[in-house]
Amino acid sequence: MKSGKKTGRAALPALLATSVWMAGLSGAAHAAGDVAAGKAAFAKCASCHQIGPSARAGFGPQLNGIVGRPAAATKDYRYSAAMQNSRIVWTEDKLRAFMKSPGDVVPGTKMRFWGISNQQDLNNLLAYMKTFP
Numbered sequence: 018m019k020s021g022k023k024t025g026r027a028a029l030p031a032l033l034a035t036s037v038w039m040a041g042l043s044g045a046a047h048a049a050g051d052v053a054a055g056k057a058a059f060a061k062c063a064s065c066h067q068i069g070p071s072a073r074a075g076f077g078p079q080l081n082g083i084v085g086r087p088a089a090a091t092k093d094y095r096y097s098a099a100m101q102n103s104r105i106v107w108t109e110d111k112l113r114a115f116m117k118s119p120g121d122v123v124p125g126t127k128m129r130f131w132g133i134s135n136q137q138d139l140n141n142l143l144a145y146m147k148t149f150p
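Letter 31 of the sequence shown, counting from 1, is numbered 48 in the working numbering, and no numbers are missing.
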């Protein structure tokens, strides 16, 4: 019985170290973005989307409060059937995937965009977008 307790106690530091290491990996994949760099990156989006206090739908929907919002939820934009039926809630991970390759996330989307492949650019863009809840 005592040997089992020693094994359990001896394993604890290794488990803790592994947990900390794995947490570091997931944090690195989705590091915090730079708001100023995200504002500059939003220029790629601004021809179709608006964000900010006076934002409204244009060629694309306005993006205020996008994080946590269900897809196709704004009333002032006419979404594709694919987006309406997607049942997506825009988490940060889902937004990253969509901004990287819209057609892969929502086949049939009206959004015609080549995507952003650089992870840091995606993080920066999300950091900026989150400043408009």
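Where a beta carbon is used, it is the ideal one built from N, C-alpha and C, also for glycine.
Query                                                                                                                                                                                        : Result
Per DSSP, what kind of secondary structure is M84 in: helix, strand or coil?                                                                                                                 : For the sequence presented, residue 84 should be read as Val rather than Met. DSSP places V84 in coil when its eight states are reduced to three.
DSSP on V52, reduced to helix/strand/coil?                                                                                                                                                   : helix
Can you look up V106 in the DSSP assignment and give me helix, strand or coil?                                                                                                               : strand
In this structure, does DSSP put Q101 in helix, strand or coil?                                                                                                                              : helix
Take every Cβ of the segment 91-99, pair it with every Cβ of the segment 125-142, and state whether three or more of those distances are shorter than 8 angstroms.                           : yes
What's the C-alpha gap between G50 and N102?                                                                                                                                                 : 30 angstroms
From what residue to what residue does the alpha helix (DSSP H) around D138 run?                                                                                                             : 136-146
Please work out which residues of its chain come closer than 8 angstroms, Cβ to Cβ, to L80, disregarding the five sequence neighbours upstream and downstream, and give them in chain order. : C62, H66, Q67, I68, A72, M146, F149
Between D54 and R104, what straight-line distance do the alpha-carbon atoms span, to the nearest angstrom?                                                                                   : Residue 54 is actually Ala in this sequence, not Asp. Spanning the two alpha carbons is a distance of roughly 30 angstroms.
Could you give the DSSP three-state label for R113: helix, strand or coil?                                                                                                                   : helix
Between the Cα of R108 and the Cα atoms of I83, A89, G77, D138, which residue gives the shortest distance?                                                                                   : What sits at residue 108 in the sequence shown is Thr, not Arg. Checking every option, the nearest Cα to that of T108 belongs to I83.
Quick check on V123: does DSSP put it in helix, strand or coil?                                                                                                                              : coil
Does A63 come out as helix, strand or coil in the three-state DSSP assignment?                                                                                                               : coil
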